[in-house]
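The block underneath contains the structure these notes are about, expressed in structure tokens.
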Amino acid sequence: MISIIFALLSALFAAMTTILCKCGLKDADSDAATALRTTIVLVLSVVVVWVTGEWTQLPDATGMTLLFLILSGCATGASWLCYFKALKMADVNEVAPIDKSSVVLTMLMAFIFLGEQLTTVKIAAMVLIGAGTLMMSIRKGNGKRKAGRWMIFAWLSAIFAALTSILAKVGVSAVGSNLGTAIRTAVVLVMAWVVVAAKGKKNVFSGLGGKAFVFIALSAVATAASWLCFYYALKNGDASVVVPIDKLSILAVVLFSRIFLKEKLTAMSGAGLVLLTAGTVLTAIPI
Numbered sequence: 031m032i033s034i035i036f037a038l039l040s041a042l043f044a045a046m047t048t049i050l051c052k053c054g055l056k057d058a059d060s061d062a063a064t065a066l067r068t069t070i071v072l073v074l075s076v077v078v079v080w081v082t083g084e085w086t087q088l089p090d091a092t093g094m095t096l097l098f099l100i101l102s103g104c105a106t107g108a109s110w111l112c113y114f115k116a117l118k119m120a121d122v123n124e125v126a127p128i129d130k131s132s133v134v135l136t137m138l139m140a141f142i143f144l145g146e147q148l149t150t151v152k153i154a155a156m157v158l159i160g161a162g163t164l165m166m167s168i169r170k171g172n173g174k175r176k177a178g179r180w181m182i183f184a185w186l187s188a189i190f191a192a193l194t195s196i197l198a199k200v201g202v203s204a205v206g207s208n209l210g211t212a213i214r215t216a217v218v219l220v221m222a223w224v225v226v227a228a229k230g231k232k233n234v235f236s237g238l239g240g241k242a243f244v245f246i247a248l249s250a251v252a253t254a255a256s257w258l259c260f261y262y263a264l265k266n267g268d269a270s271v272v273v274p275i276d277k278l279s280i281l282a283v284v285l286f287s288r289i290f291l292k293e294k295l296t297a298m299s300g301a302g303l304v305l306l307t308a309g310t311v312l313t314a315i316p317i
């Protein structure tokens, strides 16, 4: 039960992250914004690790544990860079559903690699989530952007996100979830700054206005909260249950995007949202 509560909290903070980032990315470079956000997230993660005393577990971490956490961090970094690149190019309601489709792949990988049970109910949930995601990704009257690069980045983000969950599940099994989050975030930070430097974007922060900086900073705080809740839930529950519940953030994303960004859902997207939500709820049924 505690894992479900923290998964729901993770979903709420994740939705806040998406909306705040979309606002901050309006006039900012997505790679530079990712690097800035990750820096703040790492600082917050380290503070939590220090306060909880989990830093004392670091000497006990095995090489295998560190390897999986590092690999998870690499997958997270790739997912973030792709996701926010897509988010800068397209509407939240276009990008978010594709990113959330990673749950289907996560459930399959949890069954194959982690030995988690794949029941009839979970299979039905996967079908509903897949169908709902497909319906939400169909944007009539927006064909030009639909065929653009943003969709490639969105699908890459989903693939890397699925890998992140599986690798992290193995990595945090032997250390505290907060410590695992901090280690992964450090890896993401290195990746983000390497990308910024490799693309010659060292001076992009000079173009960041105060408003954009505030939104990006707030999104980092929301990200840290989401991560800490998610990996605590993942440590104490099944990946095939925790990950889908975390993806319920799509409901809050759609609501917030309507209120703050004035984005609208088509009839088909609305129907897809219902299916996606129904599938996600099914995953929490212990059958």
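The working numbering puts the first residue of the sequence shown at 31, with every later residue one more than the last. C-beta atoms are modelled at their ideal positions from N, C-alpha and C, and glycine is treated no differently. These numbers come from a predicted model, not from an experiment.
Inter-residue spacing [alpha-carbon to alpha-carbon] between residue i and residue j
i: I70; j: A216; result: 11 Å
i: L186; j: V79; result: 31 Å
i: K118; j: L285; result: 19 Å
i: L164; j: G107; result: 25 Å
i: V244; j: I34; result: 31 Å
i: T211; j: S75; result: 7 Å
i: K115; j: S109; result: 10 Å
i: S131; j: S270; result: 13 Å
i: T82; j: L38; result: 22 Å
i: Y113; j: P89; result: 34 Å
i: C51; j: V157; result: 30 Å
i: A65; j: M221; result: 8 Å
i: A301; j: L295; result: 10 Å
i: G145; j: M137; result: 11 Å
i: V200; j: E84; result: 18 Å
i: S287; j: I153; result: 30 Å
i: F183; j: I168; result: 16 Å
i: G309; j: S299; result: 15 Å
i: T86; j: V77; result: 14 Å
i: L312; j: A155; result: 6 Å
i: L291; j: V283; result: 10 Å
i: G230; j: A63; result: 14 Å
i: M181; j: G54; result: 20 Å
8 Å contact criterion, which residue i and residue j should meet: CB distance rounded
i: A252; j: F43; result: 5 Å
i: A280; j: L264; result: Correcting the residue type first, residue 280 is Ile in the shown sequence and not Ala. I280 to L264, Cβ: 19 Å. No contact.
i: A91; j: A204; result: 7 Å
i: S40; j: D268; result: Not quite, the Cβ-Cβ distance comes to about 15 Å (not below 8 Å), so this is no contact.
i: F143; j: I189; result: Actually they do not touch by this definition, with Cβ atoms about 15 Å apart.
i: T47; j: S207; result: About 18 Å; that fails the 8 Å criterion.
i: D61; j: V226; result: 5 Å
i: E293; j: V122; result: 6 Å
Cβ neighbour criterion (16 or more within 10 Å) applied to residue i
i: L97; result: exposed
i: F214; result: Rather than Phe, the amino acid found at residue 214 in this sequence is Arg. Its Cβ being crowded by 16 or more others within 10 Å, R214 is buried.
i: M94; result: exposed
i: T150; result: exposed
i: R67; result: buried
i: A198; result: buried
i: D129; result: buried
i: M31; result: exposed
i: V304; result: exposed
i: I289; result: exposed
i: G240; result: exposed
i: K174; result: Residue confidence for K174 is low, a pLDDT of 47 falling below 50, so the modelled location carries little weight and cannot support an answer.
i: V224; result: exposed
i: A228; result: exposed
i: I49; result: buried
i: I315; result: exposed
i: A254; result: buried
Residue i at chain D interface by Cβ criterion, 8 Å
i: L135; result: Of the chains in the structure shown, none is chain D; there is only one protein chain.
Can you give, in chain order, each stretch of the alpha helix (DSSP H) that sits fully within the segment 103 to 137 and has at least 4 residues? Considered as a whole, the segment 103 to 137 harbours 122 to 130 as its complete alpha helix (DSSP H) runs of no fewer than 4 residues, in chain order.
Identify every run of the alpha helix (DSSP H) within the segment 287 to 311, keeping only runs that are complete inside it and at least 4 residues long; order them along the chain. With a minimum length of 4 residues, no continuous alpha helix (DSSP H) run stays inside the segment 287 to 311.
I'd like the ranges of any alpha helix (DSSP H) spanning at least 4 consecutive residues and lying wholly in the segment 234 to 275. As summarised for the segment 234 to 275, the continuous alpha helix (DSSP H) elements at least 4 residues long and confined to that stretch are 240 to 266, given in chain order.
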